[in-house]
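Numbering (our numbering), first residue to last: 3 to 426.
By construction, the Cβ of each residue, glycine as well, lies at the ideal position given by its N, Cα and C atoms.
What you are looking at is a predicted structure, and each value in this text was computed from that prediction instead of being measured.
I have placed the structure first, in the form of structure tokens, so that the comments after it can refer back to it.
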Amino acid sequence: MTEMVSQDRHFIRRGLILVFIALLLDIIGIALIAPVMPIFLSELTGDSISKASVDGGYLLMVYSTMQFIFAPLVGSLSDRFGRRPILLISILTLALDNLICALAAGYWMLFTGRILAGISGASFATCSAFIADISDHRTRTRNFGLIGIAFGVGFILGPAVGGLLGQFGPRVPFYTAATLSLSNFIFSWFMLPETLPVQHRRHFDIKRANPLGALQQMRTYPAVLWVALAFFCYWLAEAAWPSVWPFLTTYRYGWNESQIGLSLAMFGVGQIVIMSVVLPYLVARRWSDWHISVTGLTFSVIALCSYTLASEGWIVFVIFALTCPEYLAHAPMRAIAASEVPPSVQGELQGALTSVTSITSMIGPLIYTWIFSCATTENASFHFSGAPYLLATLFVFTAWLVMIFLVHPSPSHKKTSNMEESLS
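Below is the structure:
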């Protein structure tokens with residue numbers, strides 16, 4: 003019995019490490035290109051930075067639209083065929099996307115590349131289901147925190163390296179991202195294990211493998227619906243960052259690619275600290291998932307309101323140092339939802355949640371870049387580059403209200419306990 007437990011612990015530890023590496027490499031590949039997008043779009047379209055922000059908004063919209071459509075499909079396929087093959091296909095698709103963007107002769111090629119990127123980006127649902135497969139109520143919140151750590155590390159290395167590579171031309175980060183994704187595919191092919199046992203797989207149903215069908219299925223679990231609503235409001239606020247941050251900092255502070263990359267790397271450092279130090283501490287102190295999430299949302303409200311008014315670049319760093327616990331919000335919300343469904347539905351659940359976040363990424367870029375453009379053009383009736391973040395503040399405050407009044411701790415996830423020894 004002891005030997006069997008030891009083998010299970012080894013499998014869990016190995017699975018967490020490998021899916022973390024696979025997810026990290028994907029995120030680095032995505033983050034590499036962020037610092038060069040304003041300049042690259044301006045070169046391809048001939049537009050000003052203000053107008054190029056709208057072009058960037060359309061790229062984010064098509065990426066998110068594809069993710070919205072394909073996340074439930076990918077999640078359901080992983081419930082049927084397992085997590086490993088779906089992840090491998092998604093990683094290879096991302097490599098093709100970056101290669102197309104690197105070779106782009108016009109805006110339409112970037113648009114095509116982002117379509118493929120959105121399809122491959124649906125793999126985040128499968129990664130989440132992978133983590134749910136090897137977690138229980140005692141480890142779920144901590145393990146989902148690995149997603150935040152991966153994003154943190156990715157947004158340290160990706161933008162920093164992308165900003166440096168951008169000095170050699172805006173296409174260089176895309177070539178690098180394509181190479182990284184291909185390396186990720188080779189690594190995962192040999193190392194990534196399967197975590198969904200055959201007995202927990204279910205038949206594929208196309209009626210459930212679409213955004214509306216997946217969300218309708220969640221009606222079976224009422225608690226999940228309220229979490230999904232908070233998810234929607236939270237991620238609609240978060241959509242302001244990829245939508246306008248590079249454009250806002252270029253316009254408001256006069257930052258170059260390296261400075262934009264540095265600021266994004268700073269956000270990454272904060273995520274790592276919060277997810278690897280603060281979140282485990284709160285779990286060990288037996289804070290409920292609900293309390294952790296509400297704490298994160300409270301800091302997020304304060305942070306977005308402060309960024310709205312930050313008139314100098316150095317103020318950004320001060321605000322971040324004081325409000326970085328905002329990163330606590332995401333992992334416990336996902337853990338609450340995951341605790342409400344059985345193993346055979348985890349892929350579908352994570353696909354539904356990914357679709358929810360994708361909806362926000364579809365409409366967020368259009369809203370935020372339109373507001374930014376209107377507030378920064380020469381003939382604007384009222385110049386205020388922080389307008390997008392003012393709106394984001396209202397959205398995240400709504401998420402806070404939903405968690406406070408509509409989502410309540412239940413016996414299944416009222417308290418989290420210390421991590422299992424195998425994950426320490």
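Practice item. Using three-state DSSP, classify G84 as helix, strand or coil. Key: coil
* Thinking just about the alpha-carbon of each residue, which of I304, Y283 and C326 is nearest to the one in V271? -> C326
field: W316 classed as buried or exposed, judged by whether at least 16 other C-beta atoms fall within 10 angstroms
entry: exposed
(Q) I'd like to know whether the C-beta atoms of P161 and L266 end up nearer to each other than 8 Å. (A) yes
Going by DSSP, what residue range makes up the alpha helix (DSSP H) through P282? L281 to A286
- Task: Go ahead and pull the three-state DSSP assignment for W289.
- Result: coil
Practice problem: Can you tell me which of the three DSSP states D57 falls into? | Solution: helix
Open item on the list: Quick check: the Cα distance between W372 and A54, rounded to an integer number of angstroms?
Closed with: 11 Å
**Prompt:** Alpha carbon to alpha carbon, what distance is there between I406 and I29?
**Reply:** 31 Å
Per DSSP, what kind of secondary structure is Y391 in: helix, strand or coil? helix
Please give the ranges of any alpha helix (DSSP H) in the stretch 284-342, keeping only runs that are unbroken, at least 4 residues long and fully inside the region. 291-311, 315-325 and 332-340
Original post:
Hey, out of E45, R221 and Y65, whose CA is closest to A354's CA?
Top reply: R221
Is it buried or exposed, E314, if we count other Cβ atoms within 10 angstroms and call 16 or more buried? exposed
Quiz prompt | Terminal residues of the alpha helix (DSSP H) in which S363 lies | solution = Q348 to T378
Checklist entry - Run through DSSP, which three-state label would T4 get? => result Here the model assigns T4 a pLDDT of 35, short of 50, so the residue's position is not dependable, and the following value carries that caveat. Helix.
- Message: Mapping the DSSP letters down to three states, classify I258 as helix, strand or coil.
- Response: It is worth fixing the name first, because residue 258 is Asn in this sequence and not Ile. In this structure, N258 counts as coil in the three-state DSSP scheme.
_alpha helix (DSSP H) segments (min. 4 residues) lying fully within the stretch 135-218_ = 142-167 and 174-193
Helix, strand or coil: how does DSSP classify I35 here?
coil
| task | Report the three-state DSSP secondary structure of L425 (helix, strand or coil). | result | The predicted model places L425 with a pLDDT of 31, which falls under 50 and marks its position as unreliable, so this point remains unresolved.
- For the stretch 56-74 and the stretch 135-152, state whether three or more C-beta atom pairs, one from each stretch, are separated by less than 8 Å. no
State the Cα-Cα distance for the pair M39 and R116, rounded to the nearest angstrom. 13 Å
Item to check | Under the three-state DSSP convention, the category N100 falls into | outcome: helix
(message) What does the alpha-carbon distance come out to for the pair A377 and F234?
(response) 25 Å
Exercise for review: Pull up the distance between the alpha-carbon of G154 and that of Y391, whole angstroms please.
Suggested key: 21 Å
Three-state secondary structure assigned by DSSP to S50 = coil
The ligand FMN and G256: does the residue's C-beta get closer than 7 Å to at least one heavy atom of that ligand? Judged by which ligands are present, the structure shown has none, so any question about the ligand FMN falls away.
Nonlocal neighbours in the same chain, by C-beta distance under 6 Å from A389, ignoring five residues either side: I373 and A377
* Between the stretch 104-120 and the stretch 172-185, do three or more beta carbon pairs fall short of 8 Å? -> yes
Notebook entry, point to check: Looking only at its own chain, which residues have a Cβ that is under 8 Å from the Cβ of T1, when we skip the five neighbours before and after it?
Noted result: For residue 1 there is no data in the structure shown, the boundaries of the chain being 3 and 426.
Using 8 Å as the cut-off, can you tell me whether the stretch 191-208 makes contact with the stretch 57-65, which would need three or more C-beta pairs spanning the two stretches below that distance?
no
Assign W110 to one of two classes, buried (16 or more other C-beta atoms within 10 Å of its C-beta) or exposed (fewer than that). exposed
Looking at D49: is its Cβ nearer than 8 Å to the Cβ of R204? no
Per-residue burial, G108 [other beta carbons within 10 Å of its own, 16 or more giving buried]: exposed
Which class does V409 belong to by DSSP, given the choice of helix, strand or coil? coil
Can you give the Cα-Cα distance for T67 and I361, rounded to whole angstroms? 7 Å
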